[in-house]
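Going down the list, the sequences are from chains L and X. Going by UniProt numbering, 180 is the number at position 180 of the first sequence; the sequence numbering is gapless. Going by UniProt numbering, 175 is the number at position 175 of the second sequence; the sequence numbering is gapless. These notes concern the structure reproduced below.
Protein chains: 2
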Amino acid sequence: MPPASTGRRRRADAERSIARIVSAARDCLSRDPNASIDDIAKAAGVGRMTLYGHFRNRRELVEAALADALGTGEEVLSDVDLSGPARDVLSRLLDSSWSLVAESTALLSAAEGVLPAATIREMHAASALRVEELVRRGQDEGAFRTDMPIEWLVNVVHYVLHGAAEENRGGRLKPEETGRIVIATVQSILAA
Amino acid sequence: MPPASTGRRRRADAERSIARIVSAARDCLSRDPNASIDDIAKAAGVGRMTLYGHFRNRRELVEAALADALGTGEEVLSDVDLSGPARDVLSRLLDSSWSLVAESTALLSAAEGVLPAATIREMHAASALRVEELVRRGQDEGAFRTDMPIEWLVNVVHYVLHGAAEENRGGRLKPEETGRIVIATVQSILAA
DNA sequence: CCTAACTCGTACTTCACTGTACGACTTCTT
DNA sequence: AAGAAGTCGTACAGTGAAGTACGAGTTAGG
């Protein structure tokens, strides 16, 4: 059994396995928050025991998957050009991240089943803060509304993205249209 | 065992039990879509076996709960004053139904786990049609936007309501504010 | 090339939930 | 008041997933 939590060095193949498992976990849990450990191991092309070698239990696995998703989210966010009016920044931001956020909502709901709410909020803090700052900036510019709690403005964006993902999955929204519609919808919500 | 599906008359106490069970099912499933049969029976103050006496399996129970929720939804909808501009009608409609719809989203997701998608859509058809008609009317009046599929416009309202319910549950949105915020948010989305 | 690290199958225990079987008891209803 | 209808506990079988134990085989890396 690999040294899981200790700071020891890991062998390259172990590293590879972990990467595949985490990726598979993101995949499976995004489709079905109740996906079993077995499903995930299979999807990763790895024995269930290998998985348990790296993650003591479902909790740890879900946490790793969520952390990974948030990590790539952070990457994307930090690549977005922040110059110009908040409205435009928001459009660019949504354009490059809506699908990612959308796909992760199911993963998030999986996390809600096994991780304490405080942990989840904490993991989200970084990204949430960025969006919140953007909204605040838009408000200062007079472009975004101020008649609702900022927390609601930030969170409702998530719910819209979640919805877009659902509609996509159900074939009720064409993938090529989704970006445009998401952006237009969110802009309408935030506009002053 | 009572005659479940046959058209036979039921005794008054059975009728009462069923009502309590359905109500408890709505309650429990709205809080947790994975609530067990046992939880629901306990919440109804009824033995598990009594429950099985009236509902052959989880599927039937969930279906009954959903049907019941949709039924009260229909009642509320049919009480809404439909006169005047679509914008105003929408406000009245949301004001009297947002909490109901919001609470039922979890129940709906429970249903998605056990009922065929077609059945669910069909059960929803009546209410969905009303909302769709209202949106269409608003479009004809020039009050509502026409640059997105109408299906999206209708469904995104659900997602916003779902979000409002979540925020409420998490204490991030004050109950007394929620109505106002929901209405304002939805109006912004639909406005031309 | 040797050894520790890793993989991973099989088999097991535990656990929660579903649904069934039986039967004794209670309460409507006529 | 009698019988049908309904209540409901206990007990059982089946299922599916979580997590543990063991151990034999494989691979990376000094």
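For each residue, glycine too, the CB sits at the ideal point set by N, CA and C.
By the Cβ test, the region 99-110 of chain X is in contact with the region 154-172 of chain X, since at least three Cβ pairs between them sit closer than 8 Å.
Taking all protein chains shown into account, residue 25 of chain L has 16 or more neighbouring C-beta atoms within 10 Å of its C-beta and is therefore buried. Excluding its 5 nearest sequence neighbours in each direction, residue 131 of chain L has C-beta neighbours in its own chain below 6 Å: 154, listed in chain order. Judged by DSSP in its simplified three-state form, residue 67 of chain L adopts helix. Listed as beta-bridge partners of residue 55 of chain L by DSSP are no residues whatsoever. The C-beta of residue 129 of chain L has fewer than 16 other C-beta atoms within 10 Å across all chains shown, which makes the residue exposed.
Residues of the same chain with their beta carbon placed closer than 6 Å to that of residue 11 of chain L are lacking, with the five preceding and five following residues left out of the count. Following the DSSP letters along the chain, one finds residue 175 of chain X inside the alpha helix (DSSP H) bounded by residues 175-190. Scanning chain L for C-beta atoms nearer than 8 Å to the C-beta of residue 57 of chain X yields nothing, as the closest lies near 19 Å away.
For residue 156 of chain L, the residues of chain X that pass the 7 Å Cβ criterion are 160, 163, 185, in the order they occur in the chain. When 8 Å is used as the limit between beta carbons, residue 189 of chain L is near these residues of chain X: 185, 188, 189, in chain order. Secondary structure note for residue 105 of chain X: its alpha helix (DSSP H) is the uninterrupted segment 86-114. Following the DSSP letters along the chain, one finds residue 161 of chain L inside the alpha helix (DSSP H) bounded by residues 150-169. Only buried fits residue 65 of chain L, as 16 or more other CB atoms lie within 10 angstroms of its CB. Using beta-carbon distances, residue 152 of chain X counts as an interface residue toward chain L, with a partner under 8 Å. Boundaries of the alpha helix (DSSP H) harbouring residue 138 of chain X: 117-140, taken from the DSSP string. In this structure, residue 17 of chain L sits away from residue 62 of chain L, with a CB-CB distance that is not shorter than 8 Å. Against chain L, the beta carbon of residue 181 of chain X has neighbours under 7 Å at 148, 152, listed in chain order.
Secondary structure note for residue 23 of chain L: its alpha helix (DSSP H) is the uninterrupted segment 12-31. Distances from the alpha-carbon of residue 67 of chain X to those of X:113, X:28, X:122 put X:122 closest. Contact annotation: the region 34-51 of chain X does not touch the region 67-82 of chain X, with fewer than three C-beta pairs closer than 8 Å.
Not a single C-beta of chain L is nearer than 8 Å to the C-beta of residue 93 of chain X. Selection X:191, X:54, X:81, X:114 evaluated against residue 139 of chain X yields X:191 as nearest (Cα-Cα). Interface annotation for the region 15-44 of chain X against chain L: 34, criterion Cβ-Cβ distance under 9 Å. Contact check for residue 92 of chain L against residue 187 of chain L fails: the beta carbons are separated by 8 Å or more. Between residue 96 of chain L and residue 80 of chain L, the C-beta spacing is below 8 Å.
Between the alpha carbons of residue 150 of chain X and residue 53 of chain X lies a distance of about 43 Å.
Within chain L, the residues whose beta carbon sits less than 7 Å from that of residue 167 of chain X are 152, 155, listed in sequence order. For residue 172 of chain L, the residues of chain X that pass the 9 Å Cβ criterion are 149, 151, 152, 155, in the order they occur in the chain. Check the Cα spacing between residue 31 of chain X and each of X:90, X:103, X:60, X:9: the tightest is with X:103. Residue 15 of chain X counts as exposed, since fewer than 16 other C-beta atoms from the protein chains shown sit within 10 angstroms of its C-beta.
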